[in-house]
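Okay, structure first, notes after.
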Amino acid sequence: MGAGASPYGAAAANRHGDTLTRRAGRWAAAPFLPPHRVRTPLELGGALQRTVTTGRRVVVSRPRTGAGESTVTALLASVLAHYRNDRVLAMDITPGSESLARRLGVRPESSLEELDHGSADLASFPDVAPHLAHPRERLWALPSVRADHSDQATTTATFHRTLLPLTRFFGVTLIDRGADVFDGFNQAAQASAHAHVLVTPATRDGAVSIGRAFDWMVANGSGSLPARTVVVLVEQAPEEDPTFDAQGAGAILRESGAAVVRIGYDRHLAATAAFDPRLVADATRVAAVRAAAEALRRAG
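Quick note on UniProt numbering: the sequence shown kicks off at 1 and runs consecutively.
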């Protein structure tokens, strides 16, 4: 798997996200698909390839724990790396978390603190590259912040001294941020984002938590933030909330200016830690492409 390979990746299951019947049916129907079914994925892929003048930063977070934001971060990073012609960086800035590393199938080669303390010269990408994991072509990762990462003054300085210079080597940087972390570094990352992705379970409670988050933004002078946000509703089990009206909830959330994308239950993502992009369900892939395109569009 390359320099970033690990036992996490070796343990990945080979179960496909779609059943064999569904894959066969899709193959048989392919010649008869209406034009818009073919055109939409191509248009979204084209949107993901657009040139950016400076690196765009997209923060992926959750209103509460257990939403699966590391899975969404890894999916979006993989999609962007597939379509774009420049480098993509995925970072996990939740202290002590290994969730993103597991999803990408890598072991952290270094940590943000080590880069900040001078282990690499941030003047050029060849000097930085050995300190990053490299899950696949055009995708790089720095999925590690030490668990004792706590001094607010230091972490805020670290953001401006290390993270910002690092992101200039990448067309897009995905930043996985835990919702319950409020140190200076995380706050600086949140404030500097060009776009936001909020991940929540595809349930009534999950949608309500997003609505409350938007209400808080408006009440605290950040009323323009929802328009730079993509909400991703993730179904983590089959029929997780049978009474949940995803279309109705999405329509209400879109009134704030946010985009809303639903990712249905995926057998491959559920069966493995380190996923293979080739094995995720077709609907999952399309939803991830749509979410990535919406995030990049909102990033300006």
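From the three backbone atoms N, C-alpha and C, an ideal C-beta is built for every residue, glycine too.
Residue closest to residue i, alpha-carbon to alpha-carbon, out of the options
| i | options | result |
| --- | --- | --- |
| residue 138 | 78, 239, 158 and 96 | 78 |
| residue 192 | 159, 255 and 209 | 159 |
| residue 226 | 287, 217 and 232 | 217 |
| residue 66 | 245, 228 and 203 | 203 |
| residue 102 | 240, 271 and 155 | 271 |
| residue 163 | 89, 212, 241 and 256 | 89 |
| residue 124 | 166, 43, 178 and 109 | 166 |
| residue 288 | 220, 86, 50 and 197 | 197 |
| residue 253 | 173, 233 and 268 | 233 |
| residue 178 | 59, 49, 53 and 50 | 59 |
| residue 106 | 86, 136, 112 and 228 | 136 |
| residue 206 | 300, 238 and 245 | 245 |
| residue 82 | 49, 98 and 156 | 49 |
| residue 52 | 251, 173 and 238 | 173 |
8 Å contact criterion, which residue i and residue j should meet: CB distance rounded
| i | j | result |
| --- | --- | --- |
| residue 266 | residue 284 | 5 Å |
| residue 69 | residue 230 | Between residue 230 and residue 69 the Cβ distance is about 12 Å, and since that is not below 8 Å, they are no contact. |
| residue 143 | residue 133 | 7 Å |
| residue 175 | residue 195 | Not confirmed; about 11 Å, so no contact. |
| residue 141 | residue 131 | The Cβ separation is near 11 Å, so there is no contact. |
| residue 46 | residue 171 | So it is not a contact: roughly 15 Å between Cβ atoms. |
| residue 76 | residue 295 | 7 Å |
| residue 201 | residue 240 | 7 Å |
| residue 274 | residue 104 | 7 Å |
First and last residue of the uninterrupted beta strand (DSSP E) at residue i
| i | result |
| --- | --- |
| residue 50 | Run containing residue 50: none; DSSP gives neither H nor E here. |
| residue 82 | Here residue 82 belongs to no beta strand (DSSP E); instead the alpha helix (DSSP H) covers 69-83. |
| residue 201 | 195-201 |
| residue 57 | 56-61 |
Outcome for residue i when other beta-carbon atoms lying within 10 angstroms are tallied against a minimum of 16
| i | result |
| --- | --- |
| residue 210 | buried |
| residue 116 | buried |
| residue 292 | buried |
| residue 73 | buried |
| residue 186 | buried |
| residue 183 | buried |
| residue 298 | buried |
| residue 256 | buried |
| residue 369 | Only positions 1 to 300 of the chain appear in the structure, and residue 369 is not among them; the question remains open. |
| residue 249 | buried |
| residue 64 | exposed |
| residue 84 | buried |
| residue 87 | buried |
| residue 109 | buried |
Span of the alpha helix (DSSP H) around residue i
| i | result |
| --- | --- |
| residue 284 | 282-298 |
| residue 268 | 267-271 |
| residue 189 | 184-192 |
> Along the chain, which unbroken stretches of the alpha helix (DSSP H) at least 4 residues long are found entirely within the segment 205-258?
Replying inline: 246-254
>> Just to confirm the assignment: which complete alpha helix (DSSP H) runs, minimum length 4, are found wholly within the segment 88-176?
In response: 99-104, 112-116, 125-128, 152-158 and 164-167
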